[in-house]
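Asks: Residue numbers (full-length UniProt numbering): 1 to 257. Beta carbons: idealized from backbone N, C-alpha and C, even for Gly. From a predicted model like this one, the values you see are computed outputs, not experimental measurements.
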Amino acid sequence: MIGPDIAGIAQTLGAAADNASPIPQLAAETGLDVDAAYAVQAALLQRRLDRGERLVGLKMGLTSKAKMAQVGVDEVIWGQLTDVMRVPDGGSVDVAAFIHPRVEPEVAFLLDRLPEPGEPVGDFTDAVRAVAPAIELIDSRYANFTFSLPDVIADNTSAAAFVIGPWSPVPNGLDNLGVLLEIDGRVAQVGSTAAILGDPRRALDEGIRLAGRHGVRLRSGWVFLAGAATAAVPLRAGAHVRATVEKLGTVSFRSVS
Ligand code: 0L1
Ligand code: MG
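1) Can you give me the start and stop residues for the beta strand (DSSP E) that L81 sits inside?
2) Which same chain residues end up closer than 6 angstroms to A243 when comparing Cβ atoms and leaving out the 5 residues on each side of it in sequence?
3) Assuming V163 is part of the beta strand (DSSP E), what are its boundary residues?
4) Can you find the residues in the same chain that come closer than 7 angstroms, C-beta to C-beta, to D112, ignoring five residues on each side of it along the sequence?
5) Could you check what DSSP says for Q189 in three-state terms: helix, strand or coil?
6) Buried or exposed for S64, going by 16 or more other Cβ atoms inside 10 Å?
7) Under the criterion of a Cβ to heavy atom distance below 8 angstroms, does R129 qualify as lining the ligand 0L1?
8) Would you mind stating whether I138 and A37 have Cβ atoms separated by less than 9 angstroms?
9) Given a threshold of 16 other Cβ atoms within 10 Å of its Cβ, counted over all protein chains shown, does A160 qualify as buried or as exposed?
10) Residues in the same chain with beta-carbon distance under 6 angstroms from E206, minus the five sequence neighbours each way, listed in chain order, please.
11) Does DSSP put L45 in a helix, a strand or coil?
12) Need the endpoints of the beta strand (DSSP E) that M68 sits in, please.
13) Near V73, what residues of its chain come up, given a Cβ to Cβ distance below 8 angstroms and the 5 sequence neighbours on each side ignored?
14) Leaving aside the five residues before and after S257 along the sequence, list all residues of the same chain whose C-beta is less than 6 angstroms from its C-beta, in chain order.
15) Residues in the same chain with beta-carbon distance under 8 angstroms from D89, minus the five sequence neighbours each way, listed in chain order, please.
Pasting the structure below:
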């Protein structure tokens, strides 16, 4: 039996992102399962690398119940981040480059000495050099932000852009820090880092394990987005978005059109 056309699906998803133009879901029609979906994700990444982008990190998706409930998919997933997706703290993002962008408050890790494949993270402060508040901008390439598990994996877990705030040394305890997302100075979401797999440090174990299954090994110097602490919020043009994580500080950007 002939399997799904990995390169063709990656081309369709890549063009949808480039043109900010939504497409229908494609996993059911093309017979895409989870393994094939990660192969599409790898082909999409290669497309970016071929045009000069650099792989700078990994993101975890759907690490909280709020996120799972929001999109109706209940598996932890991972995606890949390139240098072009990074927006400077305090910078601006043109919403016209996206289909239906949403923002979510996250915790970022700056990776250091990682365990060998198959080994758990021993001392978290060996593996993580610094932590920071972060905002992820997600943008599903599927119409109405609606997808199945293989669809969203193939779509690089809706990754679109990310902003990292100031790095600080790893504090004592990351498991119950208050998280606030504000849009134009108004509270949009409130949560706790406990929503991220009970403790965002667990996201790193999951990332190493899940990405390792597909031959991706995390690297020293990479950024790691541990996942959102709250549901995501639609982003409109002309908004000032700010996330605050207790003990870690704030990160912000402005959307323009
Ligand atoms: O980062 C995320 O949690 C996104 C995962 C994909 C689902 C979505 O688009 O919300
Ligand atoms: Mg996210």
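Replies: Put simply:
1) Element bounds for L81: 77 to 82.
2) Closer than 6 angstroms at the Cβ level, and outside the excluded window around A243, lie P105, P133, I135, L181, V251.
3) Per DSSP, V163 belongs to the beta strand (DSSP E) from 159 to 164.
4) Residues of the same chain with a CB within less than 7 angstroms of the CB of D112, apart from the 5 flanking positions on each side, are D126, A127, V128, R129, S220 in chain order.
5) DSSP places Q189 in strand when its eight states are reduced to three.
6) So S64 ends up on the buried side.
7) Not one heavy atom of the ligand 0L1 is found less than 8 angstroms from the C-beta of R129.
8) Cβ distance not < 9 angstroms, so I138 and A37 don't count as in contact.
9) The residue in question, A160, is buried, as its Cβ has 16 or more Cβ neighbours within 10 Å.
10) So the list reads V76, once near-sequence residues are dropped.
11) DSSP places L45 in helix when its eight states are reduced to three.
12) Counting along the chain, M68 falls outside any beta strand (DSSP E), though it belongs to the alpha helix (DSSP H) covering 65 to 71.
13) The beta carbon of V73 lies closer than 8 angstroms to those of L62, F147, S148, L149, V152 in the same chain, with the five residues before and after it left out.
14) In its chain, beyond the 5 residues on either side, V95, A96, A237 have a beta carbon closer than 6 angstroms to the beta carbon of S257.
15) These residues qualify, in order along the chain: V163, I164, G165, P166, V251, S252, F253.
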